[in-house]
Amino acid sequence: MKNVVRVKNVAIGEGKPKVCVPITGATKQEISDELDLLQTINVDLVEWRGDLFKEIENEVAVQSILQKINEEIPNLPLLFTFRTRAEGGGREVTLEEYQRINRFVIESKLTNMIDVELYRGEKLVKELVSFAHHHNQKVIISNHDFNQTPSYEEIIARLQLAVDYEADIGKIAVMPQSNQDVLTLLSATSDMNERSSMPIVTMSMGEEGVISRLAGEVFGSAITFASGKQASAPGQIEAEKLQTVLTIIHDSVNKYY
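Under my numbering, the first residue of the sequence shown is numbered 1113, with each subsequent residue one higher.
Have a look at this one:
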């Protein structure tokens, strides 16, 4: 039976894929502007991309931003992500700094979910997963490949490793070089969704992979990322447009069940 990850009033892993919009501002003012926009559009989740914030290493500034996000959009689940440069993020930090930033955010209890990169090292990943769960935080274990689409077998293996590390949700994003690469990702998504109880999130980036952001309910991807003020990855669609398409697909799929 598929596990459903419940965060606030959002059930991840059932029904339509949940639309997540990233907050990507580098400054407090830019983040404030994005929060104003988020209150006017239809989204299910919000991701704060901490790696893009200029003061991310300043705990007082981080605490202030987390509090502001909670005040401005209190009903939306909040995912914190520090994406390293190796996986397409805004900056590189040592493993110790990566751990410190994530532990501080978890301890603040101002987030609902934390993103942990799969290849930060087994010991560190497992420690952060355990620490987050101890503080009642859900964990997405993620992997991003901006250079290629791995083989079907490799995609399955990476998602299975997220299961082994006790993720609540497993995520993989890949870059297609052809239409066949997109089909490889969708095939692996469908098969992993059938064999695992863990909700998964997959996407094929760029223009060629746009279909993967739309067809999650058909193939088994539980979250899709959309753009608000600024896209955080190639191929993201505006949130309102994405919600419309997801609703059309959802209604059509469920019409025959």
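Idealized CB from N, CA, C, for every residue including glycine.
- CA-CA distance, residue 1161 to residue 1279, rounds to 19 Å.
- Short of 8 Å from the beta carbon of residue 1116, and not among the five residues preceding or following it, lie these beta carbons of its own chain, in chain order: 1123, 1124, 1125, 1126 and 1311.
- When only Cα atoms are considered, residue 1179 and residue 1138 end up about 17 Å apart.
- Residue 1307 counts as exposed, since fewer than 16 other C-beta atoms from the protein chains shown sit within 10 angstroms of its C-beta.
- With contacts defined by Cβ atoms closer than 7 Å, residue 1163 and residue 1201 form a contacting pair.
- By the criterion of a C-beta distance shorter than 7 Å, residue 1236 is surrounded in its chain by 1207 and 1211, once the five residues flanking it on both sides are discounted.
- Distance from the CA of residue 1157 to the CA of residue 1131, rounded to the nearest whole angstrom, comes to 6 Å.
- In this structure, the alpha-carbon of residue 1194 lies about 12 Å from that of residue 1218.
- About 10 Å separates the Cβ atoms of residue 1287 and residue 1315, ruling out a contact at the 8 Å cut-off.
- Residue 1123 sits in a strand when the DSSP states are folded into three classes.
- The Cβ-Cβ distance between residue 1255 and residue 1230 falls below 7 Å.
- Secondary structure remark: continuous alpha helix (DSSP H) runs of at least 4 residues inside the region 1182-1248, in chain order: 1207-1220 and 1234-1246.
- By the criterion of a C-beta distance shorter than 8 Å, residue 1153 is surrounded in its chain by 1133, 1340, 1351 and 1352, once the five residues flanking it on both sides are discounted.
- In this structure, residue 1171 places its C-beta atom within 7 Å of the C-beta atom of residue 1216.
- Beta-carbon to beta-carbon, residue 1264 and residue 1300 are separated by about 5 Å, close enough to satisfy the 8 Å threshold.
- Here residue 1119 really is in contact with residue 1250; their C-beta atoms are around 6 Å apart, less than 8 Å.
- Secondary structure at residue 1308: coil, using DSSP grouped into helix, strand and coil.
- Within the same chain, Cβ atoms closer than 7 Å to the Cβ of residue 1247 are found at 1218, 1219 and 1221, the five residues on either side in sequence being excluded.
- Non-local C-beta neighbours of residue 1209 in its own chain, meaning closer than 8 Å and more than five positions away in sequence, comprise 1169, ordered along the chain.
- Approximately 6 Å separates the beta-carbon atoms of residue 1281 and residue 1313; this is inside 8 Å, confirming the contact.
- By the neighbour-count criterion, in which a residue is buried when 16 or more other Cβ atoms sit within 10 angstroms of its Cβ, residue 1233 is exposed.
- Only exposed fits residue 1360, as fewer than 16 other CB atoms lie within 10 angstroms of its CB.
- Distance from the CA of residue 1143 to the CA of residue 1258, rounded to the nearest whole angstrom, comes to 26 Å.
- Within the same chain, 1228, 1251, 1253, 1277, 1278 and 1279 come within 8 Å of residue 1241 by CB-CB distance, once the 5 residues on both sides are set aside.
- In the assembly as shown, residue 1197 is an exposed residue. Its beta-carbon has fewer than 16 other beta-carbons within 10 Å.
- Around the beta carbon of residue 1305, 16 or more other beta carbons lie within 10 angstroms, which makes this residue buried.
- Secondary structure note for residue 1130: its beta strand (DSSP E) is the uninterrupted segment 1130-1135.
- In terms of Cβ geometry, residue 1188 and residue 1159 do not form a close pair [threshold 7 Å].
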